[in-house]
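Student: Below is a structure I'd like to ask you about.
There are 2 protein chains.
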Amino acid sequence: MTEWEQRLASAGCRITASRRAVMHALTQADAPLSPQEVLEQAQAVHRQLGLVTVYRTLNLLSELHLVRRAHREDGCHGYLLTSPGHRHALICLVCGRAVEFSGEEDINALIERVEVGTGYRVDDHLLQLFGICPHCQEDKG
Amino acid sequence: MTEWEQRLASAGCRITASRRAVMHALTQADAPLSPQEVLEQAQAVHRQLGLVTVYRTLNLLSELHLVRRAHREDGCHGYLLTSPGHRHALICLVCGRAVEFSGEEDINALIERVEVGTGYRVDDHLLQLFGICPHCQEDKG
DNA sequence: ATCGCTGTTGAAAAAACTTTTCATTAAAGG
DNA sequence: CCTTTAATGAAAAGTTTTTTCAACAGCGAT
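Here the protein sequences line up with chains A and B, keeping their order. Position one of the first sequence corresponds to residue 1 (my numbering), numbered consecutively onward. Position one of the second sequence corresponds to residue 1001 (my numbering), numbered consecutively onward.
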């Protein structure tokens, strides 16, 4: 039983073909996938999968933090597998490839400064970086 | 002529009642507003305003960076006036009140570290903080 | 293995959200 | 004031997401 299956099971959820197919699609992908794209990829493994189930599965996986949304200034429609210990995504503006990174230490100084400056108590944050991946840098050079 | 009107004008756009109404709504609000909410607020000033125009206006204002989307882990449907020089928003989880802050300096160290670690070239970022505003902290205490 | 309970599923439909189309209106410069 | 043309509102189309519900399939007990 894989780690995510373990996680589902201990949350009292069943390991189904649909869920395996969605996780498979997200595991294969190296860029964020929209629900529609997840469906297309996942149907290769589980033909009768429906879009509704993709939505439900993505919501479930998000709640369990196995999957995360990718955010862009113009919307937030992509989903991404979370890498354990890495809370933030870095997405290539050319090809969409995404990697994750951690950097809590660096952010804490900023948060503390903002707390003092605003009087807010900061509980959570959302950080995402955009740039050009090594692969796409080569293509240009 | 206000600053945002100046900005619109120099982009070759007209200053219309609809645009004034949308800007008015966003100026009054201290929390991010959805397009629907913008419509409701703005209609107080410009009765015949339609939702379509709200969408068009928000897109225009976003392009000119006069307005920005608010992002949450579960979606990105709110719009927020941008404060000049402040690129990031801090949103109260209780009442939705938002303030903006800057912190480029703090983030640059992180970005540089990530660039070295991943090989990506980082061009842009999205950072948003969530917490409890001073007002809502009082309500509890 | 089989059974039964109940969480899950897929399809259809509904709801919500966003964009397109187009005739009409109204800014802004002359 | 006119004229030009960007902008508007309403309706319709398109897209995305959620709800409903009968049928299905995990999985624990037998």
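For glycine and all other residues, C-beta sits at the position ideal for the given N, C-alpha and C. Nothing here was measured: the structure is a model prediction, and the numbers come from that model.
Check this for me: beta carbons of Ile1015 (chain B) and Glu1005 (chain B), under 8 Å apart or not?
Tutor: Taking C-beta atoms as the reference points, Ile1015 (chain B) and Glu1005 (chain B) count as a pair closer than 8 Å.
Student: Please confirm whether Gly1078 (chain B) and Leu1008 (chain B) have their CB atoms less than 8 Å apart.
Tutor: no
Student: Starting from Asp1139 (chain B), trace the alpha helix (DSSP H) both ways and give me its first and last residue.
Tutor: Its alpha helix (DSSP H) spans residues Pro1134 to Lys1140.
Student: State the beta-bridge partners of Ile1091 (chain B) as determined by DSSP.
Tutor: B:Ala1098 and B:Phe1130
Student: Count the other CB atoms, across all protein chains shown, that sit within 10 Å of the CB of Thr1027 (chain B); report buried if there are 16 or more and exposed otherwise.
Tutor: exposed
Student: Since His125 (chain A) contacts His1071 (chain B) with CB under 8 Å, what's their CB separation in whole angstroms?
Tutor: Cβ atoms of His125 (chain A) and His1071 (chain B) stay farther apart than 8 Å, at about 11 Å.
Student: If you draw a straight line from the C-alpha of Ala98 (chain A) to the C-alpha of Leu51 (chain A), how long is it?
Tutor: 24 Å
Student: Near Ala1089 (chain B), what residues of its chain come up, given a Cβ to Cβ distance below 7 Å and the 5 sequence neighbours on each side ignored?
Tutor: Ala1070, Leu1080, Ala1098, Glu1100 and Gln1128
Student: State buried or exposed for Arg1068 (chain B), treating a residue as buried only when at least 16 other CB atoms are found within 10 Å of its CB.
Tutor: buried
Student: Just the Cα atoms here: how many angstroms apart are Thr118 (chain A) and Arg87 (chain A)?
Tutor: 24 Å
Student: Are there 16 or more other CB atoms within 10 angstroms of the CB of Arg1019 (chain B), so buried, or fewer, so exposed?
Tutor: buried
Student: Any beta carbon of chain B sitting closer than 8 Å to that of Ala31 (chain A)?
Tutor: no
Student: Going along chain B, which residues have a C-beta under 7 Å from Thr118 (chain A)?
Tutor: Leu1090, Val1099 and Phe1101
Student: Could you compute how far the alpha carbon of Ser1010 (chain B) sits from the alpha carbon of Leu60 (chain A)?
Tutor: 47 Å
Student: Following a CB-centred definition, is Gln43 (chain A) positioned closer than 7 Å to any heavy atom of the ligand COA?
Tutor: As presented, the structure is devoid of all ligands, the ligand COA included, so that no description of it is given.
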